[in-house]
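Trainee:
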Ligand SMILES: Nc1nc2c(c(=O)[nH]1)N[C@H]1C(S)=C(S)[C@@H](COP(=O)(O)O)O[C@H]1N2
Ligand SMILES: [Mo]
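Residue numbers (our numbering): 349 to 633.
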C-alpha cells in the first residue's frame, strides 16, 4: 500500500479555552448591542411612521428595511464560520456513558484497520475493493501521524443529556488538506483559498455501513472537528468507537460517529442515520 504524501498541517493554533470564551462573550455582547440598536431603530421607525410619510420600496418602508438588515448582521455575527464551541478545564471532564452501538459489532484490530476514502481529487492511489468501487486506504497511523490536538468540550446528545469530555486526535481539516478532496471545477483543491470549489459534503460510515453521518464541508473543516483516538487521556475503547471516531462539538452527539470505516467527499448531501429517523440533518449547536 502506498502512503499518501502528507503536506505540513495547518498550524494555526487552536484557541485556548479562555480565548474562545472571551470571544464568545464579545460576540454575545456585540449581538446584544446590535439588538439594542435594532430595537432603538425600530422604535424610531415606528414613531416616525406614525408621525411622518416614509419612502417605501418593495412595500417595505426605508427605515424598517434598515432594521431588517441590522438584524441579519447580528445573526450572522453569531454564526461565523470560525465560532468556537466553548472549551473547559481538563479537570472538569467526566466519564462519558456509552450510547448507541450501531456498527460496533465485534472487535477491530487497530493495526490492520483501514479507512476507505473516496471522492479525492487524485484517486491514482486507489486500491480495488471487493465488489465496490476502488478507494484510497489509510490507516490509524496516518491519522496519528498528523499533528495531535486536545480539546475539552461538551458532548450534547439529542436525548437531552450532556457531558464534558476531553478528546485527543487529529483535525479532520488536516486530513482533508493531506488527501485533497475532489473539486467542482476539477482544478487542484485549495482548501483555504477556494473552499466554495470543494465538494460541499463529507460522508462517513462504520466499516459495516450500519451507522452513517453526513457533514457539511464547512463543519468538517472546523478547527474543533477531530478524528479522535483518545478520550479523557486514555485510548478509545471499542464501545466508544476505537480505533477512531469523530468529535464535532459544534454539532449534536449523533454526528460523532464511532469506528470510522469510510470517508467520502461528495456533491450530494449524504444519507444520515438519525436524519432518516426524523432528526434534523444539520444537527448544529
Ligand atoms: N457507530 C456509531 N456511532 C455513534 C452512535 C452509534 O450508534 N453508532 N451513536 C451516536 C450518539 S447518538 C451519541 S450520543 C454518541 C455517543 O458516544 P459515546 O457512546 O462515546 O458516549 O455516539 C454517536 N456515534
Ligand atoms: Mo446521542
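All C-beta atoms in this analysis are idealised placements derived from N, C-alpha and C, irrespective of residue type, glycine included.
#1: For the region 516 to 523 against the region 572 to 584, do three or more pairs of beta-carbon atoms, one drawn from each stretch, fall closer than 8 angstroms, so that the two count as touching?
#2: Assuming contact is defined by CB atoms lying nearer than 9 angstroms, are residue 602 and residue 448 in contact in what I supplied?
#3: Would you call the region 546 to 553 and the region 598 to 616 in contact, with 3 or more CB pairs under 8 angstroms?
#4: Are there any heavy atoms of ligand 2 lying less than 8 angstroms away from the beta-carbon of residue 505, as far as the coordinates show?
#5: In chain order, what residues of the same chain lie with their CB nearer than 7 angstroms to the CB of residue 492, ignoring the 5 residues before and after it?
#6: Could you check if residue 460 is buried or exposed, using at least 16 other CB atoms within 10 Å of its CB as the buried criterion?
#7: Thinking just about the alpha-carbon of each residue, which of 594, 623, 600 is nearest to the one in residue 611?
#8: Under 9 angstroms between the Cβ atoms of residue 631 and residue 607?
#9: Which residues in the same chain have their Cβ closer than 7 angstroms to the Cβ of residue 441, if we skip the five residues on either side of it in sequence?
#10: Relative to ligand 2, is the shortest distance from any of its heavy atoms to the C-beta of residue 601 smaller than 8 angstroms?
#11: Short check: CB of residue 634 to CB of residue 488, under 9 angstroms?
#12: Beta carbon of residue 588: closer than 8 angstroms to some heavy atom of ligand 1?
#13: In whole angstroms, what is the alpha-carbon distance linking residue 526 and residue 555?
#14: Mind checking whether residue 567 and residue 599 have CB atoms under 9 angstroms apart?
#15: Over what stretch of residues does the alpha helix (DSSP H) that includes residue 565 continue unbroken?
#16: Alpha carbon to alpha carbon, how far is residue 538 from residue 585? Give it in angstroms, no decimals.
Mentor: In this structure, then:
#1: Using a C-beta cut-off of 8 angstroms, the region 516 to 523 makes contact with the region 572 to 584, since at least three inter-stretch Cβ pairs fall below that distance.
#2: If you check the CB distance, residue 602 and residue 448 come in under 9 angstroms.
#3: With the cut-off at 8 angstroms, the region 546 to 553 and the region 598 to 616 touch.
#4: At a threshold of 8 angstroms, residue 505 counts as near ligand 2, since its beta carbon sits closer than that to one of the ligand's heavy atoms.
#5: Counting only Cβ-Cβ distances below 7 angstroms, and skipping sequence neighbours, we find 577.
#6: Under the 10 Å beta carbon count, residue 460 is surrounded by fewer than 16 other beta carbons and is classified as exposed.
#7: Shortest Cα-Cα distance from residue 611 to any of 594, 623, 600 involves 594.
#8: By the CB criterion at 9 angstroms, residue 631 and residue 607 fall outside the cutoff.
#9: Excluding sequence neighbours, residue 441 sits near 500, 512, 513, 514, 580.
#10: Answer for residue 601: yes, Cβ within range of ligand 2.
#11: No information on residue 634 is available, as it lies outside the stretch 349 to 633 that the chain covers here.
#12: Distances taken from the Cβ of residue 588 to the heavy atoms of ligand 1 include one shorter than 8 angstroms.
#13: A straight line joining the alpha-carbon of residue 526 with that of residue 555 spans about 22 angstroms.
#14: Taking 9 angstroms as the cut-off, the beta carbon of residue 567 is found closer than this to the beta carbon of residue 599.
#15: Start and end: 565 to 568.
#16: Approximately 35 angstroms between the Cα atoms of the pair.
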